Amino acid sequence: MYKDALTVEIYGQQYHISGASHGNIRQVASHVDEMMRKIADKNSKLDIKSLAVLSAVNIANEYLELKQVYDEMMHLIEDDQP
1 MYKDALTVEI YGQQYHISGA SHGNIRQVAS HVDEMMRKIA DKNSKLDIKS
51 LAVLSAVNIA NEYLELKQVY DEMMHLIEDD QP
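1 is the number of the first residue of the sequence shown in this note's numbering; add one for each residue after it.
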């Protein structure tokens, strides 16, 4: 199902990740790393576990906001069909 795994670095840790493509894996890893660093910059006393959970919550929120926009657009398109 997935291509070869790739080793990426997220917040200073190495992870061996499988995915649809190396480009996709790199993009996901980069986004997670960026989110963790952004949160860590504002909350320097967070431990890695809390930082990871807050990053997951923020990324899930981004996803749900985009999904809502997508669903609304799809609804408009469907309503426009004869």
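We put the CB at the ideal spot given by N, CA and C, even for glycine.
Remember, it's a predicted structure, so these values are computed and weren't measured experimentally.
Inter-residue Cα distance where the pair is residue i and residue j
i     : j     : result
VAL32 : VAL53 : 11 Å
GLN13 : MET74 : 39 Å
VAL8  : TYR15 : 5 Å
GLU65 : ASP4  : 31 Å
VAL69 : TYR63 : 10 Å
ASP41 : GLN27 : 21 Å
GLY19 : SER30 : 14 Å
ASN43 : LYS67 : 28 Å
Boundaries (first-last residue) of the beta strand (DSSP E) holding residue i
i     : result
TYR15 : 13-17
Strand pairing of residue i, partner residues [DSSP]
i    : result
GLU9 : GLN14
Rounded distance between the beta-carbons of residue j and residue i, thought under 8 Å
i     : j     : result
LEU51 : ILE25 : Actually they are not in contact, since the Cβ atoms of LEU51 and ILE25 sit about 21 Å apart, beyond 8 Å.
MET36 : ILE10 : 7 Å
ILE39 : SER55 : 6 Å
Residue i (DSSP reduced to helix, strand or coil)
i     : result
TYR50 : The sequence shown places Ser at residue 50, not Tyr. Three-state result, SER50: helix.
ALA60 : helix
LYS67 : helix
ASP79 : helix
Endpoints, the alpha helix (DSSP H) within which residue i is located
i     : result
ALA40 : 22-42
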